[in-house]
Amino acid sequence: MKRNILLAMLAMTASLCAHAQLAHNKYHEPVKVEKKWQKYNPGEVIFRDESPQSEGSGIYHRIIPNPIAYIQENARRVLQTLYWGPKDPHVPRLERIFYTLKDYDGVSEKYGSGDHVGIRYSTRWIERSFAGQDTMRLDYETRGVLYHELTHAYQLEPKNCGSYGDGGEYWCFIEGMADAVRLACGCFEQDFHSKDRPKADTWRKGYRVAGYFLWWIQQNKDKDFLRKFNRSAAELDTWSWDAAMRHVLGDKPRNGVEALWQEYQKAIGDVK
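The sequence shown begins at 1288 in the numbering used here and counts up by one.
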């Protein structure tokens, strides 16, 4: 009897450890901030809670007791993904980041421009993300959403390629880069066969479709690709996805955006 109880306890312990390891693998620790960025001032963070009575607000403050330090630390992770270092002349110098918790339908949004930008984060989304009482999942989701919005605050903007509202190449760059940075920082699964990566027939769908495509190029073509692709927005007077790919990787047919997309699709098994 005692032996059976002992074996059952050992099996339960092993199961719990395995479960914890799986959770740790999925919601792993944030990427390390490089030494050269550790003391960099990403901008003064003004934190506001417009819905302190909401359940989502209470959850947020329990999980993130020091939101200003949390936002600044994650801003440095975004910056090191987009730029080589604080001395890079293209790094935007933000004076203030207004970060607001608000009870509204939606997830999050960035607003403003120049050296004053703002980010709103929905307390309703926080509540939904915490539905399973999973603290690690909520932190993972909150950091991921923050990476996406902070990318919008710090990324460069391409020239003469349309506008955000037309849903064309400019829009695809803005949203694709934001999800590529989120992925690079570890807040989407870095596995091309995971459910986080949606299948599509074109990179023009933006967001995760373009984000995983850009991440694949970084993994297989150039380890500094995201930085170079971001910088191409400043270096090309008339920007396009095709021109930027050739600018970064070399002006050869195989480096055109459609050729790279086809190579990517075959490499991950979406097409034969």
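We treat Cβ as the ideally placed atom computed from N, Cα and C, and that holds for glycine.
To the nearest angstrom, how far is it from the Cα of residue i to the Cα of residue j?
i	j	result
Asp-1557	His-1480	10 Å
Gln-1552	Ala-1521	29 Å
Leu-1309	Lys-1446	With a pLDDT of only 38 at Leu-1309, under the threshold of 50, the placement of this residue in the model should not be trusted; the figure read from the coordinates follows. Each residue's Cα considered, the two are about 44 Å apart.
Gln-1549	Ser-1519	22 Å
Lys-1482	Phe-1516	26 Å
Leu-1388	Lys-1559	46 Å
Lys-1326	Ile-1358	14 Å
Tyr-1347	Gly-1537	46 Å
Ala-1418	Arg-1335	24 Å
Glu-1436	Gln-1477	19 Å
Lys-1397	Lys-1510	28 Å
Asn-1353	Glu-1316	18 Å
With 16 as the cutoff for other CB atoms within 10 Å, does residue i come out buried or exposed?
i	result
Ile-1466	With the sequence shown as reference, residue 1466 is identified as Asp, and Ile is not the correct amino acid for it. Classification for Asp-1466: buried.
Ala-1554	exposed
Ser-1450	exposed
Asn-1507	exposed
Pro-1485	exposed
Arg-1349	exposed
Ile-1413	buried
Thr-1525	exposed
Asn-1328	exposed
Arg-1495	buried
Thr-1438	buried
Could you spell out the range, first to last residue, of the beta strand (DSSP E) harbouring residue i?
i	result
Gly-1405	1403-1409
Arg-1383	1383-1389
Lys-1397	1395-1400
Phe-1334	1331-1336
Leaving out five residues before and five after residue i in sequence, what residues of the same chain have Cβ atoms less than 7 Å from its Cβ?
i	result
Ile-1504	Phe-1512 and Leu-1547
Arg-1323	The question names Arg, but residue 1323 in the sequence shown is Lys. So the list reads Gly-1372 and Pro-1373, once near-sequence residues are dropped.
Glu-1428	Ser-1416
Thr-1368	Val-1468, Ala-1471, Cys-1472 and Leu-1513
Pro-1379	Tyr-1441
Gly-1463	Gly-1493, Tyr-1494, Ala-1497, Gly-1498 and Leu-1501
Ser-1338	Ser-1344, Leu-1388, Lys-1389, Asp-1390 and Thr-1410
Val-1318	Arg-1364, Cys-1472 and Gly-1473
His-1311	Because His-1311 carries a pLDDT of 45, less than 50, the predicted location of this residue cannot be relied on, and the following value inherits that uncertainty. Excluding sequence neighbours, His-1311 sits near nothing in its chain.
Ala-1307	At Ala-1307, the pLDDT of 40 sits below 50, so the modelled position is not reliable and the matter cannot be decided from this model.
Tyr-1370	His-1377, Val-1378 and Arg-1514
Apart from the five residues on each side of it in sequence, which residues of its chain come closer than 6 Å, Cβ to Cβ, to residue i?
i	result
Gly-1431	Arg-1469 and Cys-1474
Cys-1459	Arg-1491, Gly-1493 and Ala-1497
Gly-1452	none
Trp-1528	Glu-1456 and Val-1544
Asp-1402	Leu-1381 and Glu-1382
Glu-1331	Arg-1383
Leu-1433	Asn-1361
Ala-1487	Val-1496
Ile-1351	Tyr-1357
Gly-1399	Gly-1405
Ile-1355	Val-1332 and Phe-1334
Thr-1489	none
Which stretch, first to last residue, makes up the alpha helix (DSSP H) that contains residue i?
i	result
Lys-1553	1544-1554
Tyr-1441	1422-1441
Val-1468	1456-1471
Tyr-1499	1494-1507
Glu-1522	1512-1522
Asn-1361	1354-1369
Arg-1491	Looking at the DSSP string, Arg-1491 is not in any alpha helix (DSSP H), and its letter there is neither H nor E.
Looking only at its chain, what residues have a beta carbon closer than 8 Å to the beta carbon of residue i, apart from the 5 residues adjacent to it on each side?
i	result
Leu-1523	Pro-1445, Lys-1446, Ala-1530, Ala-1531 and His-1534
Val-1320	Glu-1360, Arg-1363, Arg-1364 and Gln-1367
Cys-1448	Gly-1455, Glu-1456, Tyr-1457, Phe-1460, Thr-1525, Trp-1526 and Ser-1527
- Query: Hey, is the stretch 1392-1409 in contact with the stretch 1523-1542, meaning 3+ C-beta pairs nearer than 8 Å?
  - Reply: Judged by pairs of C-beta atoms under 8 Å, the stretch 1392-1409 does not touch the stretch 1523-1542, as fewer than three such pairs exist.
- Item | Meets three-Cβ-pair contact criterion under 8 Å: the stretch 1420-1429 and the stretch 1437-1454 | Contact fails: fewer than three Cβ-Cβ distances are below 8 Å.
- Message: When you compare the stretch 1382-1389 with the stretch 1399-1406, are there three or more beta-carbon pairs, one atom per stretch, that lie closer than 8 Å?
- Response: With the cut-off at 8 Å, the stretch 1382-1389 and the stretch 1399-1406 touch.
- Task: Determine contact between the stretch 1336-1343 and the stretch 1358-1377, defined as no fewer than three beta-carbon pairs at a distance below 8 Å.
- Result: Cβ pair count under 8 Å is below three, so no.
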